[in-house]
Each structure stands twice: as structure tokens, then as C-alpha cells.
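Residue numbers for the sequence shown follow our numbering, so the first one is 561 and each next one is one higher. Just so it is clear, CB atoms sit at the ideal spot from N, CA and C, and this is done for glycine as well.
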Amino acid sequence: MTKEKKVEENLVVTIDYALSVDGEVIDSSDEREPLEFLQGHGNIISGLEREILGMKIGESKEVIVAPEDGYGEADEEAYMEIPTNQFPKNIPVEIGTELEVENEEGEPAYARIEEIENNIALLNFNHPLAGKILNFSVTIIALREPSEEELAHGHVHHEGHEH
Numbered sequence: 561m562t563k564e565k566k567v568e569e570n571l572v573v574t575i576d577y578a579l580s581v582d583g584e585v586i587d588s589s590d591e592r593e594p595l596e597f598l599q600g601h602g603n604i605i606s607g608l609e610r611e612i613l614g615m616k617i618g619e620s621k622e623v624i625v626a627p628e629d630g631y632g633e634a635d636e637e638a639y640m641e642i643p644t645n646q647f648p649k650n651i652p653v654e655i656g657t658e659l660e661v662e663n664e665e666g667e668p669a670y671a672r673i674e675e676i677e678n679n680i681a682l683l684n685f686n687h688p689l690a691g692k693i694l695n696f697s698v699t700i701i702a703l704r705e706p707s708e709e710e711l712a713h714g715h716v717h718h719e720g721h722e723h
């Protein structure tokens with residue numbers, strides 16, 4: 561008798577999911593393809609990765625992920641004030657605009673305009689879901705062994721994947 565496959569480290573896992581925050585569905589695989597990732601390699605948030613360990617194909621589960629196992633707590637220091645006249649002309653200076661800037665190390669950092677007052681924009685560098693409790697509804701769709709290349713790279717490769 562063959563052992564039934566379960567979610568474990570180094571398997572490619574395919575899930576259908578819905579993510580709700582504050583009672584509202586904010587993301588779901590219904591709108592697109594199911595999510596495929598390499599288990600145990602940090603491709604998804606740690607709280608969800610830990611909770612699906614041992615699940616079988618066809619199994620469903622409700623998972624509640626606390627901020628520390630999701631996108632972290634909101635950091636009160638992760639804000640910066642920028643005069644609105646310093647924004648490039650092609651970026652709309654309005655509340656909710658998301659933009660990419662370089663941090664001191666020259667690495668990309670994502671921010672969104674939180675508020676604008678007296679020609680000063682307040683940029684928030686926290687992830688939009690920082691500090692939020694995440695409610696996932698997940699179903700395991702498929703499990704497969706990764707290719708050697710996927711395992712070496714630590715993530716799933718899709719058609720047309722560039723190294």
C-alpha cells in the first residue's frame with residue numbers, strides 16, 4: 561500500500577485559498593490560478609506554511625495567522641515625511657498611492673502615501689497587512705516532488721521562468 565502524500569518540507573504544494581482581514585475577503589485564488597509554492601522555503605508567510613504541514617490533497621482548513629507569523633507588527637518608526645514637490649511628476653501625489661523608493665543601502669523599499677498635509681506627504685513603509693490578523697481558508701489541491709532546479713533555487717519555476 562502506498563503512503564498517502566501529505567504536505568511536507570521540499571514538496572511543491574498547490575492550494576486554493578481565500579484571505580480575509582477584518583471580516584472582508586481581500587485576496588483569493590478564485591480570481592486567478594491556485595497558489596503553487598515550495599513548502600519550507602519561506603515562499604509564503606510562516607504562519608500559513610506551518611499550519612498546512614501534514615494536510616492531504618482535498619483537505620481544507622481554516623487558519624488564523626497572528627501578525628508576528630504574518631506580515632509583522634506595524635512599526636511606528638517606518639514612516640517618512642517628504643515634501644510633495646520632491647515627487648517625480650509621473651507619480652500621483654495622493655493618499656493610497658504606492659511607490660518604490662531606494663533605502664540607504666540602495667535596495668528597493670515599498671511605501672504608500674498615508675496622508676498629505678501642508679504640501680508634506682507621509683510615507684508608510686509598513687506592509688499594508690502589518691499588524692493584521694489574517695484569516696485563511698485553504699484547500700490542498702495538489703502535491704508533487706520539485707525538480708532539482710526548483711529545489712536548488714528554493715522556489716517553483718513556471719513556464720517561461722527566467723533564472
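Where residue i sits in the DSSP three-state scheme
i, result
"A690", "coil"
"D590", "helix"
"V716", "coil"
"V573", "strand"
"F685", "coil"
"V567", "coil"
"E584", "strand"
"E705", "coil"
"N695", "strand"
Opening and closing residue of the alpha helix (DSSP H) in which residue i lies
i, result
"L711", "E708 to H713"
Cutoff 6 Å; reference residue i; Cβ partners in own chain excluding five residues on either side
i, result
"D717", "The displayed chain sequence assigns His, not Asp, to residue 717. Contacts found: E710."
"I624", "N695"
"H601", "G714"
"S513", "In this structure the chain extends from 561 to 723, so residue 513 is not present and cannot be described."
"E622", "S697"
Exposure of residue i, with buried meaning 16 or more beta-carbon neighbours within 10 Å
i, result
"P648", "exposed"
"L681", "The amino acid occupying residue 681 in the given sequence is Ala; Leu does not appear at that position. Burial call: buried."
"A671", "buried"
* In chain order, each alpha helix (DSSP H) run of at least 4 residues that lies wholly inside the segment 592-668 -> Within the segment 592-668, the runs of alpha helix (DSSP H) that reach at least 4 residues and sit entirely inside it are, in chain order, 606-612.
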